[in-house]
């Protein structure tokens, strides 16, 4: 339809057609005017907005709009901001959807037209695109971060106290520094895979597996509480992170000798060497030693009492210390300075040593032994605990004493229910024998163990009764 217009500005020639920006008297809009020798027509009439036209729209005293096709239009504010909008009717009511601002950091014209098509499809399906957008905005505004959900999961999810302590340690050390302030929607499977890969590369594959499992459980907790989000861990299988040999590794006496001799030659701290020996002599779990504090150690009575909060089965456990263990404890106390931890972090005396530290040492010991052509297969810190149990049983010590040293509580059998003995005297004897036997093996000597304490305490009734 022909329109009259003011004098055009910025005339461009293309195939005999002149196009320019002008003031259209008919619709009182600035817009693209296309003219040839016969007609002049308003682009707003036929829906042919272009980037050139959008860039040339100027602000006025009042906001105004310039229409495009399919119901899309641009509203020009008094400050010159261009905003794409769409009017539509749904269930007898009129609604307006704001698609976004035009510009390099906002929407392009092409993207606005695509969004218009998506919005119209929603309307056709009986959904309100405007309300859906507002819900999404509220969800983002009210969304809790990964760190917040992780903390809620650690507090509310059912798990043993010792497991909770281990998971909190991993969460605070491995997950929070990386993703604390990210929304759940902002962590992808690739993010998780890459992060676990870095942990594996530093020599802590077991920690990497725990990181993946903890993240999976945090997302499962969030989804259970109404979050509409995919779980990144579903696409990252444990086998893609690390693979482990079966958990039946036990070192032989020869391997113990090789391991302890090679330990003196690898590049590490004296406290780590002492810690490795203590794992073998006491048969405690890695977390039980690495989180140990000096308040738990009674030097006078030669006993280390691990509180129930740090034990796997939530029951306090006494570790009776041989003379060799006491010597190690004294050395560690000297190195620890004012730290409350037996094995403080190298960089922070108020924090325990990194979980990956001893893993790296085991790798270094095995690597050095194999370069020397010595018989030592790969092993883990937990294998030292299994080694103590296996060899003490093979040496002929009472299995009940050994199980008590390992803090294994059999609550399922009648024997486990009725046998409440702690065997303190017997365990003290056995642990001293174990330390002496290891010293003999390291020196290349044989030692016949004394299986029964020379003097067993006699159980007698109280004569006063």
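Residue numbers (my numbering): 64 to 528. Even glycine gets a Cβ: it sits at the ideal position worked out from N, Cα and C. All of these numbers come straight from a predicted model, not from anything done at the bench.
1) Give the DSSP bridge partners of residue 152, in chain order.
2) Taking only runs of the alpha helix (DSSP H) that begin and end inside the region 263-321, which ones reach a length of at least 4 residues, in chain order?
3) Whole angstroms is fine: what's the gap from residue 176's alpha carbon to residue 133's?
4) At which residues does the alpha helix (DSSP H) containing residue 465 begin and terminate?
5) So what does residue 381 bridge to, in DSSP terms?
6) Which whole-angstrom value describes the C-beta separation of residue 145 and residue 120, a residue pair presumed to lie in contact below a C-beta threshold of 8 Å?
7) By DSSP, does residue 424 sit in helix, in strand, or in coil?
8) With residue 418 and residue 317 assumed to form a contact (beta carbons below 8 Å), what rounded beta-carbon distance in angstroms separates them?
9) Quick check on residue 513: buried or exposed, where buried means 16 or more other Cβ atoms within 10 Å of its Cβ?
10) So what does DSSP say about residue 252, is it helix, strand or coil?
11) Beta-carbon within less than 8 Å of residue 286's beta-carbon, same chain only, minus the 5 sequence neighbours each way: which residues are those?
12) Three-state secondary structure (DSSP) at residue 163?
13) With residue 344 and residue 387 assumed to form a contact (beta carbons below 8 Å), what rounded beta-carbon distance in angstroms separates them?
14) For the pair the region 318-335 and the region 412-428, tell me if three or more CB-CB distances fall below 8 Å.
15) Counting C-beta neighbours from all protein chains within 10 Å, is the total for residue 141 16 or more, i.e. buried, or is it exposed?
16) Assign residue 508 to one of three DSSP states: helix, strand, or coil.
17) Which residue comes first and which comes last in the alpha helix (DSSP H) that contains residue 397?
18) Please classify residue 378 as buried or exposed, where buried requires at least 16 other C-beta atoms within 10 Å of its C-beta.
19) Within 8 Å (strictly less), CB to CB, does residue 459 reach chain C?
20) With distances taken between CB atoms, is the gap from residue 495 to residue 461 smaller than 8 Å?
21) Looking at residue 278 and residue 296, is the spacing between their C-beta atoms short of 8 Å?
22) Could you check whether the region 432-445 touches the region 398-417, counting it as contact only if at least three pairs of C-beta atoms, one from each stretch, sit closer than 8 Å?
23) Which first and last residues belong to the alpha helix (DSSP H) in which residue 118 is found?
24) Is it right to say residue 194 is buried, meaning 16 or more other beta carbons lie within 10 angstroms of its own, or is it exposed?
25) Check whether the region 217-226 touches the region 366-375, taking contact to mean three or more Cβ pairs, one atom from each stretch, closer than 8 Å.
26) Beta-carbon within less than 8 Å of residue 356's beta-carbon, same chain only, minus the 5 sequence neighbours each way: which residues are those?
27) Just to confirm before moving on: does the CB-CB distance between residue 341 and residue 299 stay below 8 Å?
28) Per DSSP, what kind of secondary structure is residue 217 in: helix, strand or coil?
29) Counting only the same chain and skipping the five closest in sequence on each side, list residues whose C-beta sits under 6 Å from that of residue 323.
30) What residue from 452, 190, 407 and 260 has the CA that sits closest to residue 350's CA?
31) Whose C-beta lies closer than 6 Å to the C-beta of residue 455 among residues of the same chain, with five residues either side of it excluded?
The short version:
1) Walking along the chain shown from the start, residue 152 turns up at place 89. Paired residues: 157.
2) Within the region 263-321, the runs of alpha helix (DSSP H) that reach at least 4 residues and sit entirely inside it are, in chain order, 268-287.
3) Counting from 1 along the chain shown, the entry for residue 176 is found at position 113. Counting from 1 along the chain shown, the entry for residue 133 is found at position 70. Taking C-alpha positions only, residue 176 is separated from residue 133 by approximately 8 Å.
4) On the chain shown, residue 465 is found 402 positions in, with the first residue counted as 1. 462-468 is the extent of the alpha helix (DSSP H) around residue 465.
5) To locate residue 381, count along the chain shown from 1; it is residue 318. According to DSSP, which records beta bridges pairwise, residue 381 is partnered with 368.
6) The residue given as residue 145 occupies position 82 in the chain shown. The residue given as residue 120 occupies position 57 in the chain shown. The C-beta distance from residue 145 to residue 120 rounds to 6 Å, short enough to fall under 8 Å.
7) The residue labelled residue 424 in the question sits at position 361 within the chain shown. Of the three classes helix, strand and coil, the one that applies to residue 424 here is helix, per DSSP.
8) Here residue 418 corresponds to residue number 355 of the chain shown, with the count starting at 1. Here residue 317 corresponds to residue number 254 of the chain shown, with the count starting at 1. No, residue 418 and residue 317 are not in contact; Cβ-Cβ is about 29 Å, not under 8 Å.
9) Taking the first residue of the chain shown as 1, we reach residue 513 at position 450. That one is exposed.
10) Taking the first residue of the chain shown as 1, we reach residue 252 at position 189. In this structure, residue 252 counts as helix in the three-state DSSP scheme.
11) To locate residue 286, count along the chain shown from 1; it is residue 223. The residues are 292 and 294.
12) Along the chain shown, read from residue 1 onward, the residue named residue 163 stands at position 100. Looking at residue 163 - three-state DSSP - the assignment turns out to be strand.
13) Residue 344 sits at position 281 when you count from the first residue of the chain shown. Residue 387 sits at position 324 when you count from the first residue of the chain shown. Right, the Cβ-Cβ distance comes to about 6 Å (below 8 Å), so this counts as a contact.
14) Yes, since at least three Cβ pairs between the region 318-335 and the region 412-428 fall closer than 8 Å, the two stretches touch.
15) Translated into the one-based positions of the chain shown, residue 141 becomes position 78. Answer is exposed; the Cβ neighbour count stays below 16.
16) Indexing the chain shown from 1 puts residue 508 at position 445. It is coil, neither helix nor strand.
17) Stepping through the chain shown from its first residue, residue 397 is reached at position 334. Per DSSP, residue 397 belongs to the alpha helix (DSSP H) from 386-399.
18) Position 315 of the chain shown holds residue 378. By the neighbour-count rule (16 or more Cβ atoms within 10 Å), residue 378 is not buried but exposed.
19) No chain C appears in this structure, which consists of one protein chain only.
20) As a working mapping, residue 495 is identified with position 432 in the chain shown. As a working mapping, residue 461 is identified with position 398 in the chain shown. No, they are not a contact pair.
21) Taking the chain shown and counting its residues from 1, one reaches residue 296 at position 233. Taking the chain shown and counting its residues from 1, one reaches residue 278 at position 215. Residue 296 is a Cβ neighbour of residue 278, given a cutoff of 8 Å.
22) Not touching, per the Cβ criterion.
23) In the chain shown, counting from the first residue as 1, residue 118 sits at position 55. Element bounds for residue 118: 114-118.
24) If you number the chain shown from 1, residue 194 lands on position 131. Exposed, since its Cβ has fewer than 16 Cβ neighbours within 10 Å.
25) The region 217-226 is in contact with the region 366-375.
26) Position 293 of the chain shown, counted from the first residue, corresponds to residue 356. Correct list, in chain order: 403, 404 and 405.
27) For the purposes of this step, residue 341 is identified with residue 278 of the chain shown, where counting begins at 1. For the purposes of this step, residue 299 is identified with residue 236 of the chain shown, where counting begins at 1. Against a cut-off of 8 Å, the Cβ pair of residue 299 and residue 341 comes out as no contact.
28) For this step, residue 217 is matched to residue 154 along the chain shown. It is helical.
29) Here residue 323 refers to the residue found at position 260 when the chain shown is read from its first residue. For residue 323, where only same-chain residues beyond five positions count, the Cβ hits under 6 Å are 505.
30) For the purposes of this step, residue 350 is taken as residue 287 along the chain shown, with counting starting at 1. Of the listed residues, the one whose Cα sits closest to residue 350 is 407.
31) Within the chain shown, the letter at position 392 stands for residue 455. Contacts found: 465.
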